[in-house]
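One structure below.
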Amino acid sequence: MWEIGWEKLLQVSALVLSVINGLILVRVHIRDRARLKVAPVHPDTYQWWFRLPDGTSQGQPTRLFGFLVYIGVQNRGYRAVSINEWRLQIVAKNHQRAELRALSIPEPTYSMGEHMKVFQVLGQKGLIHQGETRIDSGNSTSGMAFYVYECFGSDSWDPLIRDGQIKGQFTVRDVFGGKAKCQVIFREKTLENVKAIIPALRDIVQTIHADRSTAAS
């Protein structure tokens, strides 16, 4: 009888210890996980929307709107993490939401007197920047991202514009499924102004139109 009692006690003790160990591991994981924070960099300066030349899709004339966002991502957790997705959500006049994927662009350049500032493109390797997506604990990364919203038919599908501004929601996700989001207020910029910092934008737009034409044929 005593042998059976001790065996059961040892089994219960092992079970309790395994539960405690599991709870400790969960607590450590929650405590040490990456904690992302995302926010626009210089929100009154570098967040722009602009009209792009109209295009066609499946024989329908379309309207294109470009968005350029300068965003910063911080890792406030205790573990390094890599980000793998950053998207922009735009609301149309009819309250429908569209989630946009970032498009590849050359590194934007901005003339500052005698000096030239070269901006990193978020998550994209360029001539100057490596486009690193890994963020160590307590560190941050930043970069610009370019998006295109295309619509056709009624102008109710155009982005909701108030006082020349378009509100968007920017969301970044890491490889473990964690995410952070923030609101971005885009101010109108002329296409020529944007081309001044991204001279290749004309070619990018032509590529977009060509891709739409190929898909429709």
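Note that the working numbering gives residue 193 to position 210 of the sequence shown, counting from 1, and the numbers run on in steps of one. Heads up, the beta-carbon is just placed ideally off N, CA and C, and yes, glycines get one too.
Worksheet item: Once you ignore the five residues that flank residue 35 on each side, which residues in its own chain have a CB closer than 6 Å to its CB?
Response: For the purposes of this step, residue 35 is taken as residue 52 along the sequence shown, with counting starting at 1. Closer than 6 Å at Cβ, skipping near neighbours: 47, 49 and 188.
Fill in: Buried versus exposed call for residue 116 [16 or more other C-beta atoms within 10 Å across all chains shown]
Locating residue 116 in the sequence shown gives position 133, where the first residue counts as 1. With 16 or more other Cβ atoms within 10 Å, it is buried.
Practice prompt. Kindly identify the DSSP beta-bridge partner or partners of residue 53.
Written response: The count along the sequence shown starts at 1 and reaches residue 53 at position 70. DSSP, once it has assigned bridges, lists 127 as partnering residue 53.
Practice prompt. Would you mind reading off the limits of the alpha helix (DSSP H) that contains residue 17?
Written response: Start at 1 with the first residue of the sequence shown, and residue 17 comes out as number 34. Premise fails: residue 17 is in no alpha helix (DSSP H) and is neither H nor E.
Practice prompt. Can you tell me which of 29, 74 and 143 puts its alpha carbon nearest to the alpha carbon of residue 129?
Written response: Residue 129 sits at position 146 when you count from the first residue of the sequence shown. Out of 29, 74 and 143, 29 has the C-alpha closest to the C-alpha of residue 129.
Worksheet item: If we ignore side chains and look at the alpha-carbon of each, how far apart do residue 145 and residue 74 end up?
Response: As a first step, residue 145 is located in the sequence shown; it is residue number 162 there, counting from the start. As a first step, residue 74 is located in the sequence shown; it is residue number 91 there, counting from the start. Taking the straight line joining both Cα atoms gives about 12 Å.
Practice prompt. Could you tell me the distance, in whole angstroms, from the CA atom of residue 118 to the CA atom of residue 126?
Written response: Here residue 118 refers to the residue found at position 135 when the sequence shown is read from its first residue. Here residue 126 refers to the residue found at position 143 when the sequence shown is read from its first residue. If I take the Cα positions, the gap works out to 13 Å.
Fill in: Start-to-end residues for the alpha helix (DSSP H) that takes in residue 158
Residue mapping note: residue 158 aligns to position 175 of the sequence shown, counting from 1. Unbroken run through residue 158: none, as it is neither H nor E.
Worksheet item: How would you write the range of the alpha helix (DSSP H) that residue 179 sits in, first residue to last?
Response: By 1-based counting over the sequence shown, the position of residue 179 is 196. Unbroken alpha helix (DSSP H) run through residue 179: 174 to 180.
Item to complete: Go ahead and pull the three-state DSSP assignment for residue 24.
Response: Looking up residue 24 in the sequence shown gives position 41. Coil.
Worksheet item: In this structure, what does DSSP give as the bridge partners for residue 69?
Response: Against the sequence shown, residue 69 aligns to sequence position 86. DSSP, once it has assigned bridges, lists 155 as partnering residue 69.
Discussion item. Is it the case that the stretch 163 to 180 contacts the stretch 49 to 66, given that we only count it when at least three CB pairs across the two stretches are under 8 Å?
Written reply: yes
Item to complete: Return the Cβ separation of residue 58 and residue 84 in integer angstroms, given the expectation that the two are a contact with Cβ distance under 8 Å.
Response: To locate residue 58, count along the sequence shown from 1; it is residue 75. To locate residue 84, count along the sequence shown from 1; it is residue 101. Not a contact, Cβ separation roughly 23 Å.
Worksheet entry | Simplified DSSP state of residue 92, which is helix, strand or coil | Within the sequence shown, the letter at position 109 stands for residue 92. Reduced to three states, the DSSP call for residue 92 is strand.
Item to complete: Would you kindly work out how many angstroms separate the C-alpha atoms of residue 149 and residue 33, rounded to a whole number?
Response: As a working mapping, residue 149 is identified with position 166 in the sequence shown. As a working mapping, residue 33 is identified with position 50 in the sequence shown. Cα to Cα, the separation comes out at about 10 Å.
Worksheet item: By DSSP, does residue 59 sit in helix, in strand, or in coil?
Response: On the sequence shown, position 76 is the one that residue 59 refers to. Of the three classes helix, strand and coil, the one that applies to residue 59 here is coil, per DSSP.
Worksheet item: Quick one: is residue 182 buried, meaning 16 or more other Cβ sit within 10 Å of its Cβ, or exposed?
Response: As a first step, residue 182 must be located in the sequence shown, where it is residue number 199. So residue 182 counts as exposed.
Worksheet item: Counting along the chain, where does the beta strand (DSSP E) carrying residue 119 start and finish?
Response: Locating residue 119 in the sequence shown gives position 136, where the first residue counts as 1. Here residue 119 belongs to no beta strand (DSSP E), and DSSP marks it neither H nor E.
Worksheet item: Within this structure, are the beta carbons of residue 60 and residue 120 separated by less than 8 Å?
Response: Looking up residue 60 in the sequence shown gives position 77. Looking up residue 120 in the sequence shown gives position 137. Yes, the pair counts as a contact, with Cβ atoms nearer than the cut-off.
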